[in-house]
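Written out below as structure tokens is the structure these notes cover.
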Amino acid sequence: MIKGLGVSGGSAVGVVALVAQPEPLPDEPPSTDPTGDLARVEEALEAVAARLDQTAESLSGDAAEMIAAAAAIARDPGLLEAVEGFLPTLGPAHALHAAVEGYAEQFEELGGYFAERITDLLDVGARAEALLLGRPMPGVPELSEPSVVIAHDLAPADTAVMDPALVVGIVTEAGGRTSHTAILASQRGIPAIVQAKGALGLDDGLRVGIDGDSGELVVDPDDAYLAEKENKRRARDRISERSGPGRTSDGHPVMLLANIGNVADAELAGAADVEGVGLFRTEFLHLSADTAPSVEKQSEEYGRVLTPFGSRPVTVRTLDAGADKPLAFADLGPEPNPALGRRGLRLMREREDLLDDQLAALAIAAADTGALVKVMAPMVATVEEATWFTERVHAAGLPVAGVMIEVPAAALRARHVLEVTDFASLGTNDLAQYTMAADRMVGELSDLLDPWQPAVLDVVAAACEGGRATGKPVGVCGESAGDPLMALVLTGLGVTSLSMSVQRVPMVRWALSQHTAQECVHLAEAARAAESAEAALAAVHAAASTELTDLL
Ligand code: PEP
Ligand code: MG
């Protein structure tokens, strides 16, 4: 068995389909016709971009945006200029290769969002090289039976076009909790595991079972394994039929909310049985914009996001620009440690115009739709910041303002922070990053970024204490809210709502319904009494209802 990090839930059995590593380039003499060769490289890059465009058109939402971003890389004039620079001394394929490598180094230095785009860049380069050399296209091989695709890492172009009927699972040796593979596989409902070291050593055609919840890849699964997975699948289908608001078995309410990033997500979540939106990541609408969107454009888009929720509350996060989510129009220049720099609310305080436009657009959209809009700020650390933001939101005519608790400083001082604002929402992705001093973009640090780390739970508990003292709501909108066992712990710590990707809601609803509020308190105590993340999870796993743990 190979153990990795499960990033998209569900299980399946299929045959191994290895994605070949790119072959070395053949020897090539230096170009004797740099103008002609430059034109050939440009043609190859344009052909790659055109194919990516075609793929993007057949998709929607984040998937389409990621592919469009890869097409934009293929058309980047800077890339072609770099090729031109190499052509007098290298042949066309080698010149393209050198240009791509140089670009990748620059992306690496820029870090954050750019570093995440390196896979796209290398993929674009490999495809254009294959065209230049008349070689077969790299990437996922043609599949004829249900397969588990295993790769070092996958480009979004690969993941987005996978047919879920044939690709029943995805496994990568690289990648992290927030990599493309994770986001796209979960959006497409394909079980996926990242950081699965040794998976590339498996032979093509071997039968394997994948479990995207536990992160396990089992070689040649036996009948008992298959029967167990089939039982789990049936039980999960039954659970999906449950409906209604989040409640523990003794009726303690915990709102079940959706995380969304665009209009397509809003339409999907609006039609689902959720009690509203706990996190609308507004910056996702603008990742590829070069200039700030106008108030009119924003209010029109926000209106389309709000409408599907009718009278249900929608919590909108103001632009969280910087670090892992850079926006071209909200860039204050390079910093040595972007995650610790002027990001989130810190950046908005230097660009008040952007915040004011966004609040104005939200106020218009709220008035037009009659929606119940709550507005919160990312990356708040102090009471002063919380006061500043809350006053500004109220002044814009939006009655409910809150803050995300993503920085331990705000969690430890939650009572004082909550005294000056209306609600708080815990961003456990960043809270883990800052509590453990582990960059969330570094896949190798996944163990430290585990929300089961007892120190992270202590910080969450401190924030909940502030909620109790002030009587103000404290929710969770980081990925941890969608983990059914963690949802019980968070409930026991006192959170009032859980916000997650919409597919995760049924399981969390069911987990809550199997435990009393007091049992959740005991589970939280067991987790906090543990000495490590593994021990905390094991303690909760052992004490939770077996009806639930049998399904995990
Ligand atoms: C978080 O940090 O937990 C969060 C919800 O925000 P994001 O992942 O968008 O930074
Ligand atoms: Mg965050």
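Under our numbering, think of the first position of the sequence shown as 1, with each following residue one higher.
We put the beta carbon where it would ideally sit given N, CA and C, even for glycine.
Fair warning: this is a prediction, and the values are worked out from it, not measured in the lab.
Simplified DSSP state of Asp158, which is helix, strand or coil: Reading the sequence shown from its first residue, position 158 is the one you call residue 158. Three-state result, Asp158: helix.
contact_flag[the region 125 to 133, the region 21 to 41] where n(CB pairs < 8 Å) is 3 or more: yes
DSSP-derived helix/strand/coil call for Ala323: As a position in the sequence shown, residue 323 is number 323, starting the count at 1. Looking at Ala323 - three-state DSSP - the assignment turns out to be coil, as it is neither helix nor strand.
Asn337 CB to nearest heavy atom of the ligand PEP below 8 Å: For the purposes of this step, residue 337 is taken as the residue at position 337 of the sequence shown. Every heavy atom of the ligand PEP is 8 Å or more from the Cβ of Asn337, so no.
Cβ neighbours of Met1 in the same chain (closer than 8 Å, five flanking residues each side left out): For the purposes of this step, residue 1 is taken as the residue at position 1 of the sequence shown. Hits under 8 Å: Glu216, Leu217, Val218 and Val219.
Contact between the region 472 to 492 and the region 527 to 547 (3+ Cβ pairs under 8 Å): yes
Buried or exposed by the 16-neighbour rule on C-beta atoms within 10 Å, applied to Met137: The count along the sequence shown starts at 1 and reaches residue 137 at position 137. Its Cβ having fewer than 16 others within 10 Å, Met137 is exposed.
Ser480 versus Asn259, Ser31 and Arg242, residue with shortest Cα-Cα distance: If you number the sequence shown from 1, residue 480 lands on position 480. Ranking Asn259, Ser31 and Arg242 by Cα distance to Ser480 puts Asn259 first.
Buried or exposed by the 16-neighbour rule on C-beta atoms within 10 Å, applied to Pro77: Within the sequence shown, numbered from 1, the residue matching residue 77 stands at position 77. It counts as exposed.
Residues that DSSP places opposite Ser11 in a beta bridge: Taking the sequence shown and counting its residues from 1, one reaches residue 11 at position 11. According to DSSP, which records beta bridges pairwise, Ser11 is partnered with Asp211.
Helix, strand or coil at Thr315 according to DSSP, with G and I counted as helix: By 1-based counting over the sequence shown, the position of residue 315 is 315. Strand, per DSSP.
Reference Tyr103; option with closest CA among Gly91, Glu465 and Val124: Residue numbering aside, residue 103 sits at position 103 when the sequence shown is read from its first letter. Ranking Gly91, Glu465 and Val124 by Cα distance to Tyr103 puts Val124 first.
Distance cut-off 8 Å: Gly478 Cβ against heavy atoms of the ligand PEP: Counted from its first residue, the sequence shown places residue 478 at position 478. Yes.
Endpoints, the alpha helix (DSSP H) within which Met486 is located: Counting from one through the sequence shown, the residue named residue 486 turns up at place 486. Element bounds for Met486: Pro484 to Leu493.
C-alpha gap between Arg509 and Leu490, whole angstroms: What you label residue 509 is simply residue 509 of the sequence shown in a count that begins at 1. What you label residue 490 is simply residue 490 of the sequence shown in a count that begins at 1. Whole-angstrom Cα-Cα distance: 13 Å.
Contact test: Gly402 Cβ vs the ligand PEP heavy atom, cutoff 8 Å: Counting from one through the sequence shown, the residue named residue 402 turns up at place 402. Every heavy atom of the ligand PEP is 8 Å or more from the Cβ of Gly402, so no.
DSSP-derived helix/strand/coil call for Arg281: Translated into the one-based positions of the sequence shown, residue 281 becomes position 281. Strand at Arg281.
Ala95, buried or exposed, once every other Cβ within 10 Å from all chains shown has been counted against 16: Sequence index remark: in the sequence shown, residue 95 carries index 95 (1-based). Counting Cβ neighbours within 10 Å, Ala95 comes out buried, since at least 16 surround it.
Nearest-angstrom Cβ-Cβ length linking Leu493 and Ala461, presumed shorter than 8 Å: Residue numbering aside, residue 493 sits at position 493 when the sequence shown is read from its first letter. Residue numbering aside, residue 461 sits at position 461 when the sequence shown is read from its first letter. Their Cβ separation, rounded to whole angstroms, is 5 Å, which keeps Leu493 and Ala461 in contact under 8 Å.
In DSSP terms, what Gly397 is bridged to: Taking the sequence shown and counting its residues from 1, the one referred to as residue 397 is at position 397. According to DSSP, which records beta bridges pairwise, Gly397 is partnered with nothing at all.
Neighbouring residues (CB closer than 6 Å to any heavy atom of the ligand MG): Pro378, Glu406, Gly427, Asn429 and Asp430
Residue from Leu143, Met441 and Thr516 whose Cα sits closest to the Cα of Val15: Counting from one through the sequence shown, the residue named residue 15 turns up at place 15. The residue with the shortest Cα to Cα distance from Val15 is Leu143.
Short Cβ contact (9 Å threshold) for Gly466 with Val474: Taking the first residue of the sequence shown as position 1, residue 466 is located at position 466. Taking the first residue of the sequence shown as position 1, residue 474 is located at position 474. Cβ distance < 9 Å, so Gly466 and Val474 count as in contact.
Spatial neighbours of Phe107 in its chain, beta-carbon cut-off 7 Å, leaving aside the 5 residues before and after: Along the sequence shown, one-based indexing puts residue 107 at 107. In its chain, beyond the 5 residues on either side, Phe114, Ala115, Arg117, Ile118 and Leu121 have a beta carbon closer than 7 Å to the beta carbon of Phe107.
Delimiting residues of the alpha helix (DSSP H) encompassing Leu418: The residue given as residue 418 occupies position 418 in the sequence shown. Ala414 to Glu419 is the extent of the alpha helix (DSSP H) around Leu418.
heavy atom of the ligand PEP below 8 Å from Asp324 C-beta: The residue you call residue 324 lines up with position 324 of the sequence shown. Checking every heavy atom of the ligand PEP against the Cβ of Asp324, one is found closer than 8 Å.
Assigned exposure category for Ser31 - 16 Cβ within 10 Å defines buried: In the sequence shown, counting from the first residue as 1, residue 31 sits at position 31. With 16 or more other Cβ atoms from the protein chains shown falling within 10 Å of its own Cβ, Ser31 counts as buried.
Presumed contact (8 Å Cβ cut-off) between Thr435 and Val403, rounded CB distance: For this step, residue 435 is matched to residue 435 along the sequence shown. For this step, residue 403 is matched to residue 403 along the sequence shown. Incorrect: roughly 17 Å between the Cβ atoms, too far for contact.
Rounded straight-line distance, which links the Cα of Arg247 to that of Thr274: Translated into the one-based positions of the sequence shown, residue 274 becomes position 274. Translated into the one-based positions of the sequence shown, residue 247 becomes position 247. Note that residue 274 is Val in the sequence shown here, rather than Thr. The straight-line gap from Cα to Cα measures roughly 13 Å.
Beta-bridge partners of Ser425, as assigned by DSSP: As a working note, residue 425 is residue 425 in the sequence shown. According to DSSP, Ser425 bridges with Met404 and Gly475.
Cβ neighbours of Thr387 in the same chain (closer than 7 Å, five flanking residues each side left out): Walking along the sequence shown from the start, residue 387 turns up at place 387. Correct list, in chain order: Val420.
Neighbourhood of Leu523 by C-beta distance below 7 Å, restricted to the same chain and skipping five residues each side: Sequence index remark: in the sequence shown, residue 523 carries index 523 (1-based). Excluding sequence neighbours, Leu523 sits near Leu488, Val489, Gly492, Val540, Ala543 and Ala544.
Closest by C-alpha distance to Leu449, when choosing among Ser501, Ser532 and Gly341: Counting from 1 along the sequence shown, the entry for residue 449 is found at position 449. When each option's Cα is compared against that of Leu449, the closest is Ser532.
Three CB pairs or more closer than 8 Å across the region 497 to 517 and the region 239 to 255: yes
Under 9 Å between C-beta atoms of Gly276 and Arg312: Your numbering for residue 276 matches position 276 in the sequence shown. Your numbering for residue 312 matches position 312 in the sequence shown. Yes, these two residues count as a Cβ contact at 9 Å.
CB-CB length for Gly212 against Ser446, believed under 8 Å: By 1-based counting over the sequence shown, the position of residue 212 is 212. By 1-based counting over the sequence shown, the position of residue 446 is 446. That pair is no contact at about 15 Å.
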